[in-house]
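Worksheet: the structure to be examined is printed underneath.
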Amino acid sequence: MSTATHSLPRTIGAHAVLLTYTAIALFPVILVIMNSFKSRAGIFGAPLTPPTPKTFDLIGYTTVIGQGDFIHYFQNSLVVTVASLFFVLLFGAMAGFALSEYRFRGNTMMGLYLALGIMIPIRLGTVAILQLMVASGLVNTLTALILVYTAQGLPLAIFILSEFMKQVSDDLKNAGRIDGLSEYTIFFRLVLPLVRPSMATVAVFTMIPIWNDLWFPLILAPSEETKTVTLGAQLFLGQFVTNWNAILAALSLAILPVLILYVIFSRQLIRGITSGAVK
Amino acid sequence: MGSLNIENVKKAFGPVEVLKGIDLEVNDGEFVVFVGPSGCGKSTLLRVIAGLEDSTSGRVVIDGQDVSVTPPAKRGIAMVFQTYALYPHLTVKNNMGLGLKQAGTPAAEIDRRIGIASSMLSLEPYLERRPAELSGGQRQRVAIGRAVVREPKLFLFDEPLSNLDAALRVNTRLEIAQLHRRLKATMIYVTHDQVEAMTLADKIVVLNAGRIEQIGGPMELYNSPANEFVAGFIGSPKMNFIDGAKLGETAKTVGVRPEHLTVDTTSGAWKGTVVHAEHLGADTNLYLDCEKAGLLTVRIFGVYNAEPGSTLYATPDPAKTYRFGADGRVIK
Chain B
-7 MSTATHSLPR TIGAHAVLLT YTAIALFPVI LVIMNSFKSR AGIFGAPLTP
43 PTPKTFDLIG YTTVIGQGDF IHYFQNSLVV TVASLFFVLL FGAMAGFALS
93 EYRFRGNTMM GLYLALGIMI PIRLGTVAIL QLMVASGLVN TLTALILVYT
143 AQGLPLAIFI LSEFMKQVSD DLKNAGRIDG LSEYTIFFRL VLPLVRPSMA
193 TVAVFTMIPI WNDLWFPLIL APSEETKTVT LGAQLFLGQF VTNWNAILAA
243 LSLAILPVLI LYVIFSRQLI RGITSGAVK
Chain R
103 MGSLNIENVK KAFGPVEVLK GIDLEVNDGE FVVFVGPSGC GKSTLLRVIA
153 GLEDSTSGRV VIDGQDVSVT PPAKRGIAMV FQTYALYPHL TVKNNMGLGL
203 KQAGTPAAEI DRRIGIASSM LSLEPYLERR PAELSGGQRQ RVAIGRAVVR
253 EPKLFLFDEP LSNLDAALRV NTRLEIAQLH RRLKATMIYV THDQVEAMTL
303 ADKIVVLNAG RIEQIGGPME LYNSPANEFV AGFIGSPKMN FIDGAKLGET
353 AKTVGVRPEH LTVDTTSGAW KGTVVHAEHL GADTNLYLDC EKAGLLTVRI
403 FGVYNAEPGS TLYATPDPAK TYRFGADGRV IK
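Protein chains in written order, with my numbering: chain B, -7 to 271; chain R, 103 to 434.
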């Protein structure tokens, strides 16, 4: 059917491009999940075929659950990710609100300064960070990771959120002020719900690098108690022998929590309660 | 119980001076309209009165009390915004009651006041709804209701009708006028629409570029504008301004309202050609290109048939012709 806004060749073309992209993006993920259910021989014999009754094997998962304290690693990863996410969103939103709402001397400079971190990778400062953590006795604690990830996530969060906060109607905030709401109430009850979709965007952007990070857990918290999932999976990577079953199983399991968090946030992206508040 | 005094209020945003010294007195129970072109500072002035902006200098006195440094919630004011600004997460009832709740008013008293306000604005069927479930007109009524329940000394309206469509605008205008009559409260209303200003106001304050050009009743401004700006701003279509030198007058500019010009096909003061005619039914607007006076707008009551290109003579009513000096002020 051809209408004014849709034409069949164009629809097919657009879908072809999108499907190709989806296939490319999903291919490694599917490969990991598929092979995690295969025996060692199956993985190396035919890495691209799905598990058959002959090659199906849960050895990877039993190794992961049996060896190492994977439940604990998961817990660590989750604590670090959720706590960092919480602080990034809280402080990012507060700073964004201050930058967009209040006129003060050096407002623009402050905004630029806070956004500078987007351009400079935090890893450049690893040595200084490590020295700092050693000095403050935070090495091998989850607190160290949470602090670093909060710092890492803040610049982008502030940059995005302050832009969105500028769009929240001034009238609404002023109505709150006339009704005697405190600035905190205005921020938490009026402004935050209205920028929820952008908060979800920031959450997704912040969460994935934190969950996947190997660098800082390896440097700041490599002890058994504080290992994260990505670091724990390294356990099976030997210099001479690598337990591919276990690595693939660990990685497949590591996908799950981020996926769940993503689903939660993406629902927020779609939902909009803002309609009707202001014209 | 609701007088307002503004003494030499100035407001600057960085180097930009938005208000250049405003003095104004509003008596209890008056309906005052601030009117002016966009960027004239009328909204800023309202915000300074509300306490949403700090003035750079000067005093705001509400009811005999200097409130220059009092937070908005403690000034005894209520404000209705152009964009309604209802709390999206609260029901109509809670939207109206929030201010009182914050001030620690007992629940029974809040309910009583919401009852009165909602019956006054016929909002009773909607009390449990959220703003998203209301139409634009209903939302603005809720916003007005939210102001009414606070029983403020001063009502502030910031272009409350701008977001409504033409029919609703007329209805809501009527409602605001009735509300003022019933409550006998002091109201300050900001608009750029001179029809709203003329129909609602007891007193109009015409602002331009951060200064008050003139203060007066609607008819006073219409009949005796103090200067060229007010003369051009009040009245629609706009007053015709003619270069005095062309007419052999000593005044810099001569002004005649379109409705104070008469036309004739055979003789008159200014000979001109009809450029365009607008037929509105109740009246007809003619645009005449005159040899002496330039382009003139003439408003004729009723239907008048004039073909573009035909020749007409326009004659001003000498009693209603204004003369302005070089400084723009009217010459008496």
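C-beta atoms are modelled at their ideal positions from N, C-alpha and C, and glycine is treated no differently.
Taking only three categories from DSSP, how would you classify residue 312 (chain R)? Coil.
Proximal residues to residue 199 (chain B) (C-beta, below 7 Å), its chain only, five neighbours per side dropped: Within the same chain, Cβ atoms closer than 7 Å to the Cβ of residue 199 (chain B) are found at 73, 77, 250 and 253, the five residues on either side in sequence being excluded.
Would you tell me roughly how many angstroms separate the C-alpha atoms of residue 388 (chain R) and residue 321 (chain R), rounded to the nearest one? In a straight line, the C-alpha of residue 388 (chain R) is about 25 Å away from that of residue 321 (chain R).
CB residue 138 (chain R) to CB residue 294 (chain R), shorter than 8 Å? The beta carbons of residue 138 (chain R) and residue 294 (chain R) sit closer together than 8 Å.
My output table needs one value for residue 173 (chain B): the three-state DSSP class, helix, strand or coil. Correct three-state label for residue 173 (chain B): coil.
Kindly indicate which residue of R:324, R:315 and R:193 has the alpha-carbon position closest to the one of residue 336 (chain R). Checked all of R:324, R:315 and R:193; the closest Cα to residue 336 (chain R) is R:324.
Closest by C-alpha distance to residue 172 (chain B), when choosing among R:317, R:280, R:402 and R:200: Of R:317, R:280, R:402 and R:200, the residue nearest in Cα terms is R:200.
Simplified DSSP state of residue 415 (chain R), which is helix, strand or coil: In the structure shown, residue 415 (chain R) sits in a strand (DSSP, three-state: E or B).
Taking all protein chains shown into account, do 16 or more other C-beta atoms lie within 10 angstroms of the C-beta of residue 257 (chain B), making it buried, or fewer, making it exposed? Result: buried.
Counting only runs of 4+ residues fully inside the region 215 to 254 of chain R, write out the alpha helix (DSSP H) ranges in chain order. Every unbroken stretch of the alpha helix (DSSP H) spanning 4 or more residues and falling wholly within the region 215 to 254 of chain R is given here in chain order: 238 to 251.
Residue 330 (chain R) (DSSP reduced to helix, strand or coil): The DSSP-derived three-state label of residue 330 (chain R) is helix.
Beta-carbon within less than 6 Å of residue 372 (chain R)'s beta-carbon, same chain only, minus the 5 sequence neighbours each way: which residues are those? Cβ within range, chain order: 392, 394, 395 and 416.
Length-filtered (3 minimum) beta strand (DSSP E) runs lying within the region 117 to 171 of chain R: Runs of the beta strand (DSSP E) inside the region 117 to 171 of chain R: 118 to 128, 133 to 137 and 159 to 164.
Which partner residues does residue 177 (chain R) have in the DSSP bridge list? In DSSP, residue 177 (chain R) forms no bridge with anything.
Residue 265 (chain R), DSSP secondary structure in three states: DSSP, reduced to helix, strand and coil, places residue 265 (chain R) outside both helices and strands of the structure shown, so it counts as coil.
Take the Cβ of residue 167 (chain R) as the centre, count every other Cβ of all protein chains shown within 10 Å, and call the residue buried at 16 or more, exposed below. With fewer than 16 other Cβ atoms within 10 Å, it is exposed.
CB residue 121 (chain R) to CB residue 147 (chain R), shorter than 8 Å? The answer is yes: Cβ separation under 8 Å.
Does DSSP put residue 162 (chain B) in a helix, a strand or coil? In this structure, residue 162 (chain B) counts as helix in the three-state DSSP scheme.
Could you name the residues of the same chain whose beta carbon sits closer than 6 Å to that of residue 132 (chain B), not counting the 5 residues immediately before and after it, in chain order? By the criterion of a C-beta distance shorter than 6 Å, residue 132 (chain B) is surrounded in its chain by 213, 215 and 218, once the five residues flanking it on both sides are discounted.
Residue 144 (chain R) to residue 182 (chain R) span [Cα, whole Å]: For the pair residue 144 (chain R) and residue 182 (chain R), the Cα-to-Cα distance works out to about 15 Å.
Name the DSSP bridge partner or partners of residue 291 (chain R)? Note: residue 291 (chain R) sits in a beta bridge opposite R:135 and R:259.
Spatially closest choice to residue 206 (chain R) from R:237, R:176 and R:187, by CA coordinates: Considering only R:237, R:176 and R:187, the residue with the shortest C-alpha distance to residue 206 (chain R) is R:176.
Is the CB of residue 321 (chain R) under 8 Å away from at least one CB in chain B? Chain B contact via Cβ: absent.
Given a cut-off of 8 Å, decide if residue 233 (chain R) and residue 273 (chain R) are closer than it, judged by their beta-carbon atoms. Cβ atoms of residue 273 (chain R) and residue 233 (chain R): not closer than 8 Å.
Does the pairing of the region -6 to 4 of chain B with the region 14 to 34 of chain B give three or more beta-carbon distances under 8 Å? Output reads no: the region 14 to 34 of chain B does not touch the region -6 to 4 of chain B.
Cutoff 8 Å: residue 175 (chain R) Cβ touching any chain B Cβ: Judged by the 8 Å Cβ criterion, residue 175 (chain R) is in contact with chain B.
Here's a check: name, in chain order, each residue in its chain whose Cβ is nearer than 8 Å to the Cβ of residue 142 (chain R), leaving out the five neighbours to either side. Counting only residues of its own chain and dropping the five nearest sequence neighbours on each side, residue 142 (chain R) has a CB closer than 8 Å to the CB of 309, 310, 311 and 312.
So, residue 307 (chain R) versus residue 126 (chain R), is the Cβ gap smaller than 8 Å? In this structure, the beta-carbon distance from residue 307 (chain R) to residue 126 (chain R) falls below 8 Å.
Reference residue 370 (chain R), options R:413, R:292, R:381 and R:360, closest by Cα: Nearest C-alpha to residue 370 (chain R): R:413.
Does DSSP put residue 384 (chain R) in a helix, a strand or coil? Of the three classes helix, strand and coil, the one that applies to residue 384 (chain R) here is coil, per DSSP.
Looking at the structure shown, is residue 264 (chain B) part of a helix, part of a strand, or coil, going by DSSP? No answer about residue 264 (chain B) holds up, because its pLDDT of 45 lies below 50 and its placement is not dependable.
Kindly identify the DSSP beta-bridge partner or partners of residue 197 (chain B). Residue 197 (chain B) pairs with nothing; no bridge assigned.
So which residues of chain R does residue 190 (chain B) contact, with C-beta pairs closer than 8 Å? Neighbourhood of residue 190 (chain B) in chain R, by CB distance below 8 Å: empty, with the nearest CB roughly 16 Å away.
Which value, in whole angstroms, describes the spacing of the CA atoms of residue 117 (chain R) and residue 368 (chain R)? Answer to the nearest angstrom: the Cα atoms are 57 Å apart.
Contact set between residue 152 (chain R) and chain B, taken where Cβ atoms lie within less than 7 Å: Simply 170.
Quick one, which residues of the region 177 to 190 of chain R are near chain B if we go by CB-CB under 8 Å, in chain order? Residues of the region 177 to 190 of chain R with a C-beta less than 8 Å from any C-beta of chain B: 179, 180, 181, 183, 184, 185, 186, 187, 188, 189 and 190, listed in chain order.
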